[in-house]
Amino acid sequence: MKEKAIVQGFSDNLGARNRKGTIWYVLFQASTVIGILALIALVLNIINGAFGYVAYEARVDPDTLAVDGIPLTDQSKEQLVALLQSTLSSGAYTKLENDKPFAERSREEVYQLIVERIIRPEVVQVWNLWPSLTQADEIRATLASEHPDAELDFISWLSKDFVTRPQTSEAFTAGVRTAIFGSLWTILFTILLAFPIGVGAAIYLEEYASDNRFNRIIQTNINNLAGVPSIIYGILGLAIFVRTLEPLTSGEIFGLVDPTTASGRTVLSAGLTLGLLVLPIIIINAQEAIRAVPRSLRNASFGVGATKWQTVWSHVLPNAMPGILTGTILAISRAIGETAPLVVVGASTAISFDPNSPFSKFTTLPIQIYQWTSRPQDEFRSLAAASILVLLVLLLTLNASAVLLRNRFSRRY
Amino acid sequence: MATNNNSNHKYVIETRDLDIFYGSFKAVTGVNMNVERHKITAIIGPSGCGKSTLLRAFNRMNELYAGTSIQGQVMFEGEDIYAPQVDPVEVRYRIGMVFQKPNPFPKSIYENIAWTARIHGYKGNMNELVENSLRQAALWDEVKDKLHQSGLSLSGGQQQRLCIARAISIKPEVILMDEPASALDPIATLKIEELMQEIKKSYTIVIVTHNMQQAARASDYTAMMMLADRQARSGTVIEFDETNRIFTNPKDKRTEDYVTGRFG
Numbered sequence: 001m002k003e004k005a006i007v008q009g010f011s012d013n014l015g016a017r018n019r020k021g022t023i024w025y026v027l028f029q030a031s032t033v034i035g036i037l038a039l040i041a042l043v044l045n046i047i048n049g050a051f052g053y054v055a056y057e058a059r060v061d062p063d064t065l066a067v068d069g070i071p072l073t074d075q076s077k078e079q080l081v082a083l084l085q086s087t088l089s090s091g092a093y094t095k096l097e098n099d100k101p102f103a104e105r106s107r108e109e110v111y112q113l114i115v116e117r118i119i120r121p122e123v124v125q126v127w128n129l130w131p132s133l134t135q136a137d138e139i140r141a142t143l144a145s146e147h148p149d150a151e152l153d154f155i156s157w158l159s160k161d162f163v164t165r166p167q168t169s170e171a172f173t174a175g176v177r178t179a180i181f182g183s184l185w186t187i188l189f190t191i192l193l194a195f196p197i198g199v200g201a202a203i204y205l206e207e208y209a210s211d212n213r214f215n216r217i218i219q220t221n222i223n224n225l226a227g228v229p230s231i232i233y234g235i236l237g238l239a240i241f242v243r244t245l246e247p248l249t250s251g252e253i254f255g256l257v258d259p260t261t262a263s264g265r266t267v268l269s270a271g272l273t274l275g276l277l278v279l280p281i282i283i284i285n286a287q288e289a290i291r292a293v294p295r296s297l298r299n300a301s302f303g304v305g306a307t308k309w310q311t312v313w314s315h316v317l318p319n320a321m322p323g324i325l326t327g328t329i330l331a332i333s334r335a336i337g338e339t340a341p342l343v344v345v346g347a348s349t350a351i352s353f354d355p356n357s358p359f360s361k362f363t364t365l366p367i368q369i370y371q372w373t374s375r376p377q378d379e380f381r382s383l384a385a386a387s388i389l390v391l392l393v394l395l396l397t398l399n400a401s402a403v404l405l406r407n408r409f410s411r412r413y
Numbered sequence: 414m415a416t417n418n419n420s421n422h423k424y425v426i427e428t429r430d431l432d433i434f435y436g437s438f439k440a441v442t443g444v445n446m447n448v449e450r451h452k453i454t455a456i457i458g459p460s461g462c463g464k465s466t467l468l469r470a471f472n473r474m475n476e477l478y479a480g481t482s483i484q485g486q487v488m489f490e491g492e493d494i495y496a497p498q499v500d501p502v503e504v505r506y507r508i509g510m511v512f513q514k515p516n517p518f519p520k521s522i523y524e525n526i527a528w529t530a531r532i533h534g535y536k537g538n539m540n541e542l543v544e545n546s547l548r549q550a551a552l553w554d555e556v557k558d559k560l561h562q563s564g565l566s567l568s569g570g571q572q573q574r575l576c577i578a579r580a581i582s583i584k585p586e587v588i589l590m591d592e593p594a595s596a597l598d599p600i601a602t603l604k605i606e607e608l609m610q611e612i613k614k615s616y617t618i619v620i621v622t623h624n625m626q627q628a629a630r631a632s633d634y635t636a637m638m639m640l641a642d643r644q645a646r647s648g649t650v651i652e653f654d655e656t657n658r659i660f661t662n663p664k665d666k667r668t669e670d671y672v673t674g675r676f677g
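These protein sequence lines are chains A and B, in that order.
Residues 1 to 413 (the numbering used here) are what the first sequence spells out, left to right.
Residues 414 to 677 (the numbering used here) are what the second sequence spells out, left to right.
Here you go:
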């Protein structure tokens, strides 16, 4: 029967077709799941390192430093300073006074000095979060038998103090404030350089440049520049900003040379280097966004006798802005995590003072992480894990603000 | 701002042996036609014969497409608009344009007109200008309570009338319309046609249309375009006359075939 034939045609090989569809479905879903699992593993691994038990032995038991029954933690700043003065050699005390007068140091800073110079806790062993949670009794037992004098504390390496303390060489008092400010200053100059130049170049290439061989070569080169390894930009930055433009990047021509640095290895150089690095990303994304503005809108503007600039400024740019900002978000994410070019440009390994001008020495979070992970002691790996969490939070915060900004722009009529 | 009509010239726009090229491809060949003041001139013809290309040559919009060039002359009030000292921006200011697809700016209804007036240095009462322009475009009553809503929130026909209001807000001398009603339903189309009759008292209109009835109903003059040479695929004006004659007594056999529906 004819009718039956049609029905058969509909269901021919239905099982095989469905199976094929299911296989693709499973493959695509598996790709997504693998990606998510990798991300979860990464985050768990970092969290695992950032918390846990630490066993340490103090050279001087803090309990012995109590004065008149007041424990060390409750003493006033004056008492703490007096303690330092009486315990340290006069030379060491004078040196500290010369670094920064005690009158200017906060109680917290003085307390840290006491921990560093007098109590001098020495880490015996560090445990990650997972063993700390699951094998606490065994950890205690081992420690009691092997290091009877050691104290065991559960430490959250990531803490408010960690974020607000400057960098030091002691694990217990180290913080990432210096690095956070370094990263923020660097990103500021990166954006100041790359955003206007990138958007300007994109406008030129899309709206003004004629389609000739020269401009096509420029376009190809910009596309290729986006794929150049970042360390090469570091070498470029070293040659141009640190060496050639040293009078500018060290602040010499403004008379603002930071006394602790005599070279162009400054926040400004780092920011400009990263700016060059992300410039192609911003240009390419801005070009895409500008190209996506419909021709009819340009026609409308030209059709009422608007000039090219009026058209670009009032119609093309506002409509391309969400796309341009998306590219900028990508660029910031890239720049904030860059390490290699900054190593070449000359990030400082140990500075404890926040950058306070474009001409300051700098370190950034990735540099800090890199340095801590390369230290042999376990406790620094925990510090690195904590600073990775800080870096992730900083990155997400910057991105979120950029996304908010973009959403404001894309709320169109 | 707008210069007074120079009445020394009988025709607002005249073309002389106009050829239009896309790169080396000659899209339009040897057009000689005159556009009379305060009349509606229609350009009709089959798809791909260069109607829109010819229209865009009248206010130098063609130049926005890469690789276009012309030979011959387009005279506006007796002046060659392609002369080297002529600014195309000024040409488009005095010869406005309405497009096939309604394209209001993604701004408020008010701003659509205010921005247009502002870029030409309008310093007068903006509210008044917006109201007058919208009234002339027969849109005021429909939008007077939502001037600060988006131009894109209007219906297609209203959007197109907003585009016309925007075009006339800067008082051009000619308004070019490129199939202004082809994306609209019959009622919206009728409104646009009525509007054209209304504004032709103050403006000269050139309209490209696919719709033969529209040309017959709405225009005073009609230019019939067709591919002159099927090999070269180059269009030209084969007949230009009063609309009546084009539709009732065409001289060219091809025109007759086309307007009576026996084409192709």
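All residues carry an ideal CB built from backbone N, CA and C; glycine is no exception.
Note that the structure is predicted; figures quoted are calculated from it, not measured.
Exercise. Between the beta-carbon of A226/A and the beta-carbon of I281/A, is there less than 7 Å?
Worked result: If you check the CB distance, A226/A and I281/A come in under 7 Å.
Problem set entry | Selection from Y424/B, P515/B, S582/B that minimises the alpha carbon distance to S568/B | S568/B has its Cα closest to that of P515/B, out of Y424/B, P515/B, S582/B.
For this session: Would you mind sorting H561/B into buried or exposed? The rule is 16 or more other CB atoms within 10 Å of its CB.
Result: A residue is called buried once 16 or more other Cβ atoms fall within 10 Å of its Cβ, and H561/B, having fewer, is exposed.
For this session: Drop a sphere of 10 angstroms on the beta-carbon of P517/B, count the other beta-carbons inside from all chains shown, and report buried for 16 or more, exposed for fewer.
Result: The C-beta of P517/B has 16 or more other C-beta atoms within 10 Å across all chains shown, which makes the residue buried.
For this session: Could you tell me which of F512/B, I618/B, K613/B sits nearest to A455/B, measuring between CA atoms?
Result: Residue I618/B is the option with its Cα nearest to A455/B.
Problem set entry | Alpha-carbon to alpha-carbon, T94/A and R243/A | When the Cα atoms are used, R243/A and T94/A turn out to be separated by approximately 37 Å.
For this session: Figure out for me which residue from E57/A, E122/A, Q79/A, L396/A has the closest Cα to the Cα of V67/A.
Result: The shortest Cα separation from V67/A among E57/A, E122/A, Q79/A, L396/A belongs to Q79/A.
Problem set entry | K439/B CB to nearest heavy atom of the ligand SAH below 6 Å | Among the components modelled here there is no ligand, and therefore nothing to report on the ligand SAH.
Exercise. For the stretch 294 to 307 of chain A, which residues have a CB atom closer than 9 Å to at least one CB atom of chain B, in sequence order?
Worked result: Flagged, chain order: P294, R295, S296, L297, R298, N299, A300, S301, F302, G303, V304, G305, A306, T307.
Exercise. Taking D63/A as the reference, which of E57/A, S90/A, A55/A, L72/A has the closest Cα?
Worked result: Measuring from the Cα of D63/A, the nearest candidate turns out to be L72/A.
For this session: Using three-state DSSP, classify Q486/B as helix, strand or coil.
Result: Three-state DSSP puts Q486/B in a strand.
Exercise. By Cβ distance, which residues of its chain are closer than 8 Å to V344/A, with the 5 residues on each side in sequence left out?
Worked result: Same-chain partners within the cutoff: I231, G234, I235, G237, L238.
For this session: Have a look at L158/A, L272/A, Q368/A and flag the residue whose alpha-carbon is nearest the alpha-carbon of I47/A.
Result: Relative to the Cα of I47/A, the nearest Cα in the group L158/A, L272/A, Q368/A belongs to L158/A.
Problem set entry | Where W528/B meets chain A, residues with beta-carbon distance less than 7 Å | The contacting residues are S314.
For this session: Using only alpha-carbon positions, find the residue among E57/A, G69/A, L65/A, V163/A that is nearest to P121/A.
Result: Of E57/A, G69/A, L65/A, V163/A, the residue nearest in Cα terms is E57/A.
Exercise. What residues in the stretch 144 to 164 of chain A bring their beta carbon closer than 8 Å to a beta carbon of chain B?
Worked result: Answer set for the stretch 144 to 164 of chain A: empty.
Problem set entry | Residue range of the beta strand (DSSP E) that includes P121/A | First-last of the beta strand (DSSP E) with P121/A: 121 to 126.
Exercise. Less than 7 Å separating the beta-carbons of I324/A and A286/A?
Worked result: Yes, Cβ-Cβ distance for I324/A and A286/A is below 7 Å.
Problem set entry | Chain-ordered chain A contacts of Y506/B [CB-CB under 7 Å] | From the beta-carbon of Y506/B, the residues of chain A found nearer than 7 Å are G305.
Exercise. If the cut is a Cβ gap below 7 Å, which residues of chain A does V502/B touch?
Worked result: Ordered by position in chain A, the residues that pass the 7 Å Cβ test against V502/B are G305, T307.
Problem set entry | Cross-chain neighbours of D99/A in chain B, by beta carbon under 7 Å | Taking the beta carbon of D99/A as reference, no residue of chain B falls within 7 Å; the closest one sits roughly 59 Å away.
Exercise. Any C-beta of chain A sitting closer than 7 Å to the C-beta of F512/B?
Worked result: At least one C-beta of chain A is nearer than 7 Å to the C-beta of F512/B.
Problem set entry | Contacts around M590/B, its chain only, beta-carbon distance under 6 Å, and the 5 residues preceding and following it disregarded | Excluding sequence neighbours, M590/B sits near V511, I620.
For this session: Please check if any C-beta of chain A sits within less than 7 Å of the C-beta of L431/B.
Result: Not one chain A Cβ lies under 7 Å of L431/B.
For this session: State whether the stretch 537 to 550 of chain B contacts the stretch 590 to 602 of chain B, with contact taken as three or more CB pairs (one from each stretch) at a distance under 8 Å.
Result: Judged by Cβ distances under 8 Å, the stretch 537 to 550 of chain B makes no contact with the stretch 590 to 602 of chain B, as fewer than three pairs qualify.
For this session: Quick one: using the 10 Å Cβ neighbour count with 16 as the cut-off for buried, is L468/B buried or exposed?
Result: It counts as buried.
Exercise. With distances taken between CB atoms, is the gap from I351/A to K361/A smaller than 7 Å?
Worked result: Less than 7 Å separates the beta-carbon of I351/A from that of K361/A.
Exercise. Between T635/B and I651/B, is the Cβ-Cβ spacing less than 7 Å?
Worked result: The answer is no: Cβ separation not under 7 Å.
Exercise. Are the CB atoms of V502/B and T307/A nearer to each other than 7 Å?
Worked result: The Cβ-Cβ distance between V502/B and T307/A falls below 7 Å.
Problem set entry | Host alpha helix (DSSP H) of V556/B (start-end) | For V556/B, the enclosing alpha helix (DSSP H) has its first and last residue at 553 to 556.
Problem set entry | CB-CB length for V267/A against G346/A, believed under 8 Å | About 11 Å separates the two Cβ atoms, so there is no contact after all.
Problem set entry | Status (buried if at least 16 other CB within 10 Å, exposed otherwise) for Y478/B | Classification of Y478/B: exposed, given that the 10 Å Cβ count is below 16.
Problem set entry | Any chain B beta carbon closer than 7 Å to Q287/A | No - not a single Cβ of chain B is within 7 Å of the one on Q287/A.
Exercise. Using DSSP with H/G/I as helix, E/B as strand and the rest coil, what is D61/A?
Worked result: In this structure, D61/A counts as coil in the three-state DSSP scheme.
Exercise. For V257/A, which residues of its own chain have a beta-carbon under 6 Å away from its beta-carbon, when the five flanking residues on both sides are left out?
Worked result: Contacts found: S250, G251.
For this session: Find the residues of chain B that neighbour N215/A, judging by a C-beta separation of less than 9 Å, and give them in chain order.
Result: What N215/A touches in chain B: nothing, since even the nearest Cβ is about 12 Å away.
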